[in-house]
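Undergrad: Below is one structure. I have some questions about it.
2 protein chains.
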Amino acid sequence: MSAYLQPGQVLGPDDLAQRLRQIGADRYHDRHPFHRRLHGGECRPAEVRAWALNRYYYQASIPLKDAAVLGRMTDPALRRAWRQRLVDHDGAAEGEGGIARWLRLTDALGLDRELVASCRAVLPGTRFAVDAYVRFCRERSLLEAVASSLTELFSPKIIGERVSGMLAHYDFVDQTALSYFTARPPQAERDSAFALDYVLAHADTHERQAQALGALLFKTDVLWSQLDALWLAYVEGRLPPGAWQPEQEAS
Amino acid sequence: MSAYLQPGQVLGPDDLAQRLRQIGADRYHDRHPFHRRLHGGECRPAEVRAWALNRYYYQASIPLKDAAVLGRMTDPALRRAWRQRLVDHDGAAEGEGGIARWLRLTDALGLDRELVASCRAVLPGTRFAVDAYVRFCRERSLLEAVASSLTELFSPKIIGERVSGMLAHYDFVDQTALSYFTARPPQAERDSAFALDYVLAHADTHERQAQALGALLFKTDVLWSQLDALWLAYVEGRLPPGAWQPEQEAS
Numbered sequence: 363m364s365a366y367l368q369p370g371q372v373l374g375p376d377d378l379a380q381r382l383r384q385i386g387a388d389r390y391h392d393r394h395p396f397h398r399r400l401h402g403g404e405c406r407p408a409e410v411r412a413w414a415l416n417r418y419y420y421q422a423s424i425p426l427k428d429a430a431v432l433g434r435m436t437d438p439a440l441r442r443a444w445r446q447r448l449v450d451h452d453g454a455a456e457g458e459g460g461i462a463r464w465l466r467l468t469d470a471l472g473l474d475r476e477l478v479a480s481c482r483a484v485l486p487g488t489r490f491a492v493d494a495y496v497r498f499c500r501e502r503s504l505l506e507a508v509a510s511s512l513t514e515l516f517s518p519k520i521i522g523e524r525v526s527g528m529l530a531h532y533d534f535v536d537q538t539a540l541s542y543f544t545a546r547p548p549q550a551e552r553d554s555a556f557a558l559d560y561v562l563a564h565a566d567t568h569e570r571q572a573q574a575l576g577a578l579l580f581k582t583d584v585l586w587s588q589l590d591a592l593w594l595a596y597v598e599g600r601l602p603p604g605a606w607q608p609e610q611e612a613s
Numbered sequence: 363m364s365a366y367l368q369p370g371q372v373l374g375p376d377d378l379a380q381r382l383r384q385i386g387a388d389r390y391h392d393r394h395p396f397h398r399r400l401h402g403g404e405c406r407p408a409e410v411r412a413w414a415l416n417r418y419y420y421q422a423s424i425p426l427k428d429a430a431v432l433g434r435m436t437d438p439a440l441r442r443a444w445r446q447r448l449v450d451h452d453g454a455a456e457g458e459g460g461i462a463r464w465l466r467l468t469d470a471l472g473l474d475r476e477l478v479a480s481c482r483a484v485l486p487g488t489r490f491a492v493d494a495y496v497r498f499c500r501e502r503s504l505l506e507a508v509a510s511s512l513t514e515l516f517s518p519k520i521i522g523e524r525v526s527g528m529l530a531h532y533d534f535v536d537q538t539a540l541s542y543f544t545a546r547p548p549q550a551e552r553d554s555a556f557a558l559d560y561v562l563a564h565a566d567t568h569e570r571q572a573q574a575l576g577a578l579l580f581k582t583d584v585l586w587s588q589l590d591a592l593w594l595a596y597v598e599g600r601l602p603p604g605a606w607q608p609e610q611e612a613s
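Those protein sequence lines, which keep their order, are chains A and B. So for the first sequence, our numbering puts the first residue at 363; every next one is plus one. So for the second sequence, our numbering puts the first residue at 363; every next one is plus one.
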């Protein structure tokens, strides 16, 4: 924290925005070796499958987090804006929305849809990190919950790298499989601009700025920790006991 | 789960006890490569420090878990038995009990006591796993909370290996530093015998047996995941952004 906010310091909005962006530059998971391996075409098909399957647990948990946040917003205008996130993830009907689009990716990777949707093959490290995020947003202040969503400021860049890298390097991935990623960047840009405005307007004391920065640091840990678990299990092959083995179950 | 309990199956108490012990044989963290490395004398001093510092967060969280469990026991006799766990960890006075003894280990390893006790240097993966355990015991049934403590059935063996291995291989570790481990096995044997009796008496339907076995599986994931995070960061040197570096801060 001291790297981003000195004791007692109160930042102006521009400086606070700069510190939040600096956290992304320092700690967002585009710096993780798994991301470089994925978009660089170095992943074995089993690694891409394991990534998509584990990441599904994160995708599927986002609306739980957003509902918890929405349920603590007393301002209808704020709720209306935040509600769009639920629409984006869950869609207007079966087969629509971000979660359904993620399943099109896991379909394309040859993963059984029931296996993916059950989340029973998810690594413990993924589960602990994602659950920590949902609970953080349920238990902490509204400011902290909103600030923790600001990793979306950095996601259009990582998504761009993923799409171009995956299309270039993996013949089992096509544009349809990646429909999640083509739909996502404008949503992330809209959502993160809204969330950033909220944080800059409400984090106006030292304590609240420390909370906002801490929430974003926490969230970068949540994302990074998921790729750490993936790396150890599926790049290095050090699977936890009972872990899912992509070679055994892919169709 | 299906490896330990078939659909619809109801086990007799002896068979249930055997399945619970089988989970330990299959998944307890004495099978983790970090444990073998630690007691085999292969750890660099920095790795032993990182292990003790991260493990402190688990030690310090145990009474939070036990208080949550105790606070849902309606039987005074049960509460009296469980209360001993708080006494064992927190002691009768400052400087006594398991947590204080763990600090004697981190002292002996040259770690700053304020740094350890603050828990600010703990890896995100450790924090997510330990917090998941505390919340599991707060939120799940009493049976599941008690069953999740049954890893203590297996701890006397791992502690014996740790003590003999650490004394033999690390000249910066002596018997005083390891006082936690010499005090712990009789407590763990008493506690786990009590918890096992409770589980065998109360897990008398298929559903409750599945819950008890699932709780113990969950707990083995909690322990394993901590060593996975430690391995990636401090054995392989793949530190998450902002992680504590033992070389920089040890006195």
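Glycine included, every Cβ here is placed at the ideal spot set by N, Cα and C.
Can you pull the chain B residues whose beta carbon is under 9 Å from the beta carbon of Arg393(A), in chain order?
TA: Ordered by position in chain B, the residues that pass the 9 Å Cβ test against Arg393(A) are Pro603.
Undergrad: Going by the beta-carbon positions, is the gap between Leu575(B) and Arg381(B) smaller than 8 Å?
TA: In contact: Leu575(B) and Arg381(B) (Cβ atoms closer than 8 Å).
Undergrad: Let's test the definition: count the other Cβ atoms within 10 Å of the Cβ of His451(A) and tell me whether it reaches 16, buried, or not, exposed.
TA: Result: buried.
Undergrad: Leaving aside the five residues before and after Pro369(B) along the sequence, list all residues of the same chain whose C-beta is less than 6 Å from its C-beta, in chain order.
TA: Nothing meets the Cβ criterion.
Undergrad: Whole angstroms are fine: how far does the CA of Phe556(A) sit from the CA of Ala439(A)?
TA: Approximately 12 Å, taken between the alpha carbons.
Undergrad: Using the beta-carbon of each residue, which ones in chain A are nearer than 9 Å to Asp388(B)?
TA: Residues of chain A passing the Cβ test: Pro603 and Gly604.
Undergrad: Please confirm whether Trp593(A) has its beta-carbon closer than 8 Å to some beta-carbon of chain B.
TA: Yes - at least one Cβ of chain B is within 8 Å of the one on Trp593(A).
Undergrad: How would you write the range of the alpha helix (DSSP H) that Val372(B) sits in, first residue to last?
TA: Note, Val372(B): premise wrong, no alpha helix (DSSP H); not H, not E.
Undergrad: Are the C-beta atoms of Gly487(A) and some chain B residue less than 8 Å apart?
TA: Output row for Gly487(A): interface = yes.
Undergrad: Can you name the residues of chain A whose CB is closer than 7 Å to the CB of Phe490(B)?
TA: The contacting residues are Phe490, Ala491, Ala494 and Ser587.
Undergrad: Quick one: using the 10 Å Cβ neighbour count with 16 as the cut-off for buried, is Gly459(A) buried or exposed?
TA: It is buried - the Cβ of Gly459(A) has at least 16 other Cβ atoms within 10 Å.
Undergrad: Ignoring anything shorter than 4 residues or poking outside the region 437-484 of chain A, list the alpha helix (DSSP H) runs there in chain order.
TA: If we require 4 residues or more, the alpha helix (DSSP H) runs fully inside the region 437-484 of chain A come out as 438-452, 459-470 and 475-480.
Undergrad: Can you check which of these residues, His568(A), Leu578(A) and His401(A), is closest to Ala387(A) by C-alpha distance?
TA: Nearest of His568(A), Leu578(A) and His401(A) to Ala387(A), Cα basis: Leu578(A).
Undergrad: With 8 Å set as the bound, which would you pick, yes or no: does the beta-carbon of Arg497(A) sit closer than that to a beta-carbon of chain B?
TA: Chain B, which has a Cβ nearer than 8 Å to the Cβ of Arg497(A), makes this yes.
Undergrad: If the criterion is Cβ atoms closer than 8 Å, does the pair Leu378(B) and Leu562(B) meet it?
TA: Yes; because the gap between Cβ atoms is below 8 Å, this pair is in contact.
Undergrad: If contacts are defined as beta-carbon pairs under 8 Å, then Trp565(B) and Leu505(B) qualify, I think. What distance do you get, rounded to the angstrom?
TA: Note that residue 565(B) is Ala in the sequence shown here, rather than Trp. Their Cβ separation, rounded to whole angstroms, is 6 Å, which keeps Ala565(B) and Leu505(B) in contact under 8 Å.
Undergrad: When you compare only the Cα positions, how much space is there between Ala429(B) and Leu448(B)?
TA: In a straight line, the C-alpha of Ala429(B) is about 8 Å away from that of Leu448(B).
Undergrad: Since Thr582(B) meets chain A, which of its residues come closer than 8 Å, beta carbon to beta carbon?
TA: Here the neighbours are Pro603.
Undergrad: Does Asp437(A) get closer than 8 Å to chain B when you measure Cβ to Cβ?
TA: Chain B contact via Cβ: absent.
Undergrad: Could you pull the start and end residues of the alpha helix (DSSP H) that Gln537(A) belongs to?
TA: Premise fails: Gln537(A) is in no alpha helix (DSSP H) and is neither H nor E.
Undergrad: At a Cβ threshold of 8 Å, is Asp474(A) touching chain B?
TA: It does not: the Cβ of Asp474(A) has no partner Cβ on chain B nearer than 8 Å.
Undergrad: Determine whether the Cβ of Ala559(A) lies closer than 8 Å to any Cβ atom of chain B.
TA: For clarity, residue 559(A) is Asp in the given sequence; the question names Ala instead. Judged by the 8 Å Cβ criterion, Asp559(A) is not in contact with chain B.
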